[in-house]
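What follows is a short report on a single structure.
Below you can see the structure in the form of structure tokens.
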């Protein structure tokens, strides 16, 4: 539920910051490109953090 709210809030920020009107085809395409780039960037960051956590040495020597 929190993840869905986060994604919707991100979409609303993209729409408002770039003053997009989703009824116009060109602006809708710009929104989808920007939103996909944002989601891809988040996924990349999650993979980086997950990789770091997996490589972290959890047990004491």
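In this note's numbering, the protein residues as written are 1 to 61.
Where is the CB? At the ideal position from N, CA and C, for every residue including glycine.
When only Cα atoms are considered, residue 19 and residue 12 end up about 10 Å apart. 9 Å or more divides the Cβ of residue 54 from the Cβ of residue 31.
In its own chain, leaving out the 5 sequence neighbours on each side, no residue places its CB closer than 7 Å to the CB of residue 42. Looking at the backbone, the Cα of residue 27 and that of residue 37 are separated by about 15 Å.
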